[in-house]
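Reading through the structure tokens given below for one structure.
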Amino acid sequence: MPPQPLTVDCAGETLLLHPERALEWPARSTLFVADPHFGKDAHFRAAGIALPEGTLAEDLARLDIVLARTGATRLVILGDVVHARPLRAADWVDRVGVWRSRHADFEWLAVAGNHDTRFAPPADWRIDWRADPVVEAPFVFMHEPTRHPAGRVLAGHWHPVARLRQGRDSLRLPVFAFGPDAVVLPAFGGLTGGAPVDDPALHCYAAVEDRVIELPSAVTVPPATEYPRK
Amino acid sequence: SLSLLLSYADTQRQLAGVTTVVIDEWHELLGSKRGALLELALARIRALAPGVCIQGLSATLANLDEALAALTGPHRGGRLVRGLMPRETVIDTVRPATLERFPWAGHLGLQQLQPVLEAIDGDGTTLVFTNTRSQAERWFEAILRARPDWLETTAMHHGSLDRDVRRRVEDGLRDRSLRRVVATSSLDLGVDFSPVDRVVQVGSPKGVARLLQRAGRSGHGPGRTSALLCVPTHALELLEAAAARRGIEAGRVEARRPLRHCLDVLAQHLVTLAAGGGFQPDAARVEVEDTAGFAGLADADWQWVLDFIRRGGQALKGYPEFRRVIDRGDGQFIVGERRILQRHRMAIGTITADAAMTVRFVRGGRLGTIEESFISRLRPGDVFLFGGRMLELARVRDLTAYVRLASKRTTAVPRWQGGRLPLSTELADGMRALLADYAANEPVPPELDTLRPILDLQQRWSALPVPGTLLAETVRSREGVHLFVYPFAGRSAHEGLAALVAWRLSRSARATLHTAVNDYGFEVVGRGLEPPTGHALHELLLPGDDLAGEIEACLNAGEMARRRFREIARVAGLVFQGYPGQGKSARQLQASSGLVYDVLVRHDPDNRLVGQAAREAFENELDGERLRAVSAAMAASRLVHCEPPRLTPLAFPLWAERVQHRVSSESWVERVQAMVERLERAAPGPSGES
């Protein structure tokens, strides 16, 4: 069975959550991803930590799949496009450029995140690079989720992961976390860790293999119950 | 720290003048990666200072000749010098008056507090040993709460306390200003003080030799009796204490074998050599093989490690931009970059524990370290017990947790992921021999008289696990069907057996199974699990011809390999833990070992360290040699399969184990959907616990 996105309503708009960890806004033909952290493995290798390459190719291939499925004409990255400033004219910067040239048709917009400071995207990326949040009613595109007066925030930064425990079984799943002020996307990059979100006020949707599964609210484990308290 | 010295070229030059090297507590280092690393360092010293005399100090071991050979290297002889005649050792046990409230499981043992207080009251000095740091914290707090008048003369000592704190305790023991110290194995090694009057051991000592060593801390003057008081924390530990006494009387102590072919340790050592002036591969290989741990290293393995430190992985694999050790061009392998040198020196060592956070007062000094996994679960305002004090978490910044004294009480104590020593074969065999005596109505030590109600219950509902039999129990509960098996082979071997059995069961039906282990046996539990009976059950439990291969296959498929990989990743330098005061650049280099493992499995599946995780898990963590011996014994045993109405005394501790592992043949989607359904059906509430 082909991967199935899940439809949700948000701020009066219809949004589609894709299991590849991307969010689609069909009304504006836009695809959102957050926290790809391109070049993270190269950064580690240059520091003497032997991570193999291959993640970038995987991530770009996943983007290809979702772009093809949605037919989106705009890709928005909600921050942490790169992991760190490349130490030399790194090979991965060029490879992203090559990938970009294969997709001449979409508009590419990015809101810079904390890992993106000191990175200047090359011209051949043809990317519209913004330092400040972008307002497009009813949404505001940002990196770090905070309340914004102009609308509902779409953001990243957290790398949200839900922890479920039931009896002896426990799971950690990347999630789209919907809160009253902001929607936080799971980290897109294949080499990214996750941080648990334990706020029962968040409504989460887990990306699991080829599906997106809605999680019942208030089932995540608050940290305090791990240790006995009297 | 010897490895740290070797990582500087200047120091290597100075070390050429060394005439003697003395290794203390060699019995402790021998079976560990620290020992393996030390063997490599000694080989370097022997090369730098050919006439060096190496001396080792060791407690009693069953394989002292092998221990000697590990110090000298395989090509040289040595001399064994034994000490004075062993003293008599007396082991007493605190036996509960009635078993009614005495738990069948658990590790704390605080219900025995009163008799312990009576035993350590009075003049004289006492050491109270516990098996874990958490236990030490709880006992220390409980003792002082019961006897606040002992505040000035009682202290605690464990590895996570700040060094200054520990030193003051050691001084106090030396000048006898402290009367009672609650300690972990931190006080076993390298601390010299005159013998104390009493030694108390809370919980199982896990081995005969260990108990002997601890008892030896007591009694003044040569020829005097050593005495130790065992405090069992649950019923079966009474049996352990009795078996330990018999073992001491019969002189049946354990052997400690050196680890073999730890490629992660070798990788770390080679980078140290590269940092300390450089090495020439062929010469280095000869030196490396001049150790018990790496003699007979395969060509392919040696080449792989060279490739790993130079290229990140095998040649032609995808590790562009990788820089760690480089070929200088004249055949010397060196580390050129300052930052890589710094990071390597910062991370040297094979003691692997979770990233440690410093604990310090908001205003004031350091208290010690706590593992990050514990702190990350707390919120500001939460209270926990550490260093004998109730502390409230104020905030966390960088790798430091700032605390203040709390007014509330709590029983929350940090858990440290210290290696859990398995029950030794000698002790396990001793326990079963005692049960055989009991079953045959032979005379037994008083501990078994105390245990009579529990042993009789076990016999009634099920059977006693006497030698020559393999006992298995099937129990049904709300959680599903449980299969309990009791080989009495120590928790390490049981990890492998449990993974194997669960793996085989999950092949025949789509299921998610959980396993739990302890020193006496293992449990496999799952919904809809239908374990076979009779001959088929015996087959299920017995490893086939390729035990190592099969376990490797099921470990790779399970979570165990990922867990084993944590240590390997740290030792080999695949993860970098960071350090206090680190800048942003170091933080950008942090990735969990689980993430690294996943990436390696996807993009470099032939990576030796990934394979090493499973292989090492088998040989070292699961005690491969012991596993083979146990499997042979299981094959020769008669299977006794019972279906008790409830959890038996043997089953209960397994059921209650906190740490469980999962083996599943369901897809992720099936598992998540099933769990979501169960969560929705369960009573709504903030906690998902059932």
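Those protein sequence lines, which keep their order, are chains A and B.
Under the numbering used here, the first residue of the first sequence carries the number 203, and numbering increases by one thereafter.
Under the numbering used here, the first residue of the second sequence carries the number 43, and numbering increases by one thereafter.
Ideal placement from N, C-alpha and C gives every residue a C-beta, glycine not left out.
Any C-beta of chain A under 8 Å from that of A725 (chain B): Residue confidence for A725 (chain B) is low, a pLDDT of 44 falling below 50, so the modelled location carries little weight and cannot support an answer.
Same chain, Cβ closer than 6 Å to G491 (chain B), five either side skipped, listed in chain order: According to the sequence provided, residue 491 (chain B) is Asp. The question's Gly does not apply to it. Contacts found: none.
Three-state secondary structure (DSSP) of L271 (chain B): Note: L271 (chain B) maps to strand in three-state DSSP.
For Q97 (chain B), the residue or residues it bridges with in DSSP: Residue pairing by DSSP puts Q97 (chain B) in a beta bridge opposite B:V64.
Residues bridged to F350 (chain B) [DSSP beta-bridge criterion]: The secondary-structure analysis by DSSP pairs F350 (chain B) with nothing; it has no beta-bridge partner.
Residues within the region 344-356 of chain A neighbouring chain B, beta-carbon criterion of under 7 Å: Under the 7 Å Cβ criterion, the region 344-356 of chain A contributes no residue.
Whole-number beta carbon distance between A213 (chain A) and P340 (chain A), since they are thought to touch under 8 Å: Separation of the CB atoms of P340 (chain A) and A213 (chain A) is rounded to 4 Å, and the pair is thereby assigned contact status at 8 Å.
Neighbour list for V641 (chain B) in chain A, Cβ cutoff strictly below 9 Å: Counting only Cβ-Cβ distances below 9 Å, V641 (chain B) has contacts in chain A at D243, L253, P254, G256, T257, G392, L393, in chain order.
Those runs of the beta strand (DSSP E) which lie wholly inside the region 552-588 of chain B and span at least 3 residues: Look at the region 552-588 of chain B and you find these whole runs of beta strand (DSSP E), each 3 residues long or longer: 554-559, 564-568.
Proximal residues to W327 (chain A) (C-beta, below 8 Å), its chain only, five neighbours per side dropped: Spatial neighbours of W327 (chain A) in its own chain (CB-CB distance under 8 Å, excluding positions within 5 residues in sequence) are listed in chain order as V298, G299, R302, W310.
Near-chain A residues of the region 234-254 of chain B - C-beta to any C-beta below 9 Å: Close to chain A, meaning a Cβ-Cβ distance shorter than 9 Å, is no residue of the region 234-254 of chain B at all.
Proximal residues to P728 (chain B) (C-beta, below 8 Å), its chain only, five neighbours per side dropped: Reliability fails at P728 (chain B), whose pLDDT of 47 lies under 50, so the model's placement of it is uncertain and no value is given.
Three-state class that DSSP yields for M40 (chain B) in the structure shown: Not covered by the structure: residue 40 (chain B). The range shown for chain B is 43 to 732.
Residue from B:L420, B:L44, B:C596, B:D66 whose Cα sits closest to the Cα of V705 (chain B): Looking only at B:L420, B:L44, B:C596, B:D66, the smallest Cα-Cα distance to V705 (chain B) is reached by B:C596.
Candidates B:A334, B:L103, B:A178, of which the one nearest G740 (chain B) by Cα: Here chain B covers residues 43 to 732 and nothing more, so residue 740 (chain B) does not appear.
Counted within 10 angstroms of its Cβ, other Cβ atoms place V313 (chain B) as buried (16 or more) or exposed: Buried.
CB of V241 (chain B) within 8 Å of CB of S260 (chain B), strictly: It is a contact, given that the beta carbons lie within the stated cut-off.
Three-pair Cβ contact test at 8 Å for the region 147-167 of chain B versus the region 292-304 of chain B: Verdict: no, contact absent.
Residue(s) in a DSSP beta bridge with D369 (chain B): The partner list for D369 (chain B) (beta bridge, DSSP) reads B:F375.
The region 99-117 of chain B contacting the region 68-85 of chain B, beta-carbon criterion three pairs below 8 Å: In short, these stretches touch, since the Cβ pair count reaches three.
V64 (chain B), buried or exposed, once every other Cβ within 10 Å from all chains shown has been counted against 16: Counting every other CB atom within 10 Å of its CB across the protein chains shown gives V64 (chain B) a total below 16, marking it as exposed.
Rounded separation between A725 (chain B) and A716 (chain B) - CA only: Residue confidence is low: A725 (chain B) scores 44 on pLDDT, short of 50, so the model does not pin down where it sits. Its coordinate-derived value is still stated next. Straight across, the Cα-Cα distance linking A725 (chain B) with A716 (chain B) is about 16 Å.
Under 8 Å between C-beta atoms of L393 (chain A) and D266 (chain A): Result no, Cβ atoms of L393 (chain A) and D266 (chain A) do not sit closer than 8 Å.
Nearest-angstrom Cβ-Cβ length linking L409 (chain B) and F426 (chain B), presumed shorter than 8 Å: Actually they do not touch by this definition, with Cβ atoms about 11 Å apart.
F390 (chain A) versus S466 (chain B) - alpha carbon distance: For F390 (chain A) and S466 (chain B), the gap between their C-alpha atoms comes out near 47 Å.
Within-8 Å CB hit, V463 (chain A) to chain B: Chain A is shown from 203 up to 432; residue 463 (chain A) falls before or after that span and cannot be answered.
Contact check, L150 (chain B) vs R187 (chain B), beta carbons under 8 Å: Result no, Cβ atoms of L150 (chain B) and R187 (chain B) do not sit closer than 8 Å.
Reduced DSSP secondary structure (H/G/I, E/B, other) of A482 (chain B): Here A482 (chain B) sits in coil by DSSP.
Coarse secondary structure for E222 (chain A), derived from DSSP in three states: The answer is coil: DSSP assigns E222 (chain A) none of H, G, I, E or B.
Opening and closing residue of the alpha helix (DSSP H) in which Q310 (chain B) lies: It spans 305-317 - the alpha helix (DSSP H) in which Q310 (chain B) sits, taken as one unbroken run.
Contact the region 43-61 of chain B vs the region 82-91 of chain B: 3+ CB pairs below 8 Å: The region 43-61 of chain B, when compared against the region 82-91 of chain B, does touch it at the 8 Å Cβ threshold.
W294 (chain A) Cβ short of 7 Å to the ligand SAM heavy atom set: No copy of the ligand SAM appears in this structure; indeed no ligand is present at all.
Any chain A beta carbon closer than 8 Å to D646 (chain B): At least one chain A Cβ lies under 8 Å of D646 (chain B).
Any C-beta of chain A under 8 Å from that of W710 (chain B): It does; some Cβ of chain A falls within 8 Å.
Chain B residues whose Cβ lies nearer than 9 Å to that of A248 (chain A): Using a Cβ-Cβ cut-off of 9 Å, A248 (chain A) is close to E363, F364, R365 of chain B, given in chain order.
Proximity below 8 Å, CB of A633 (chain B) to CB of G256 (chain A): Judged by their CB atoms, A633 (chain B) and G256 (chain A) are not nearer to each other than the 8 Å cut-off.
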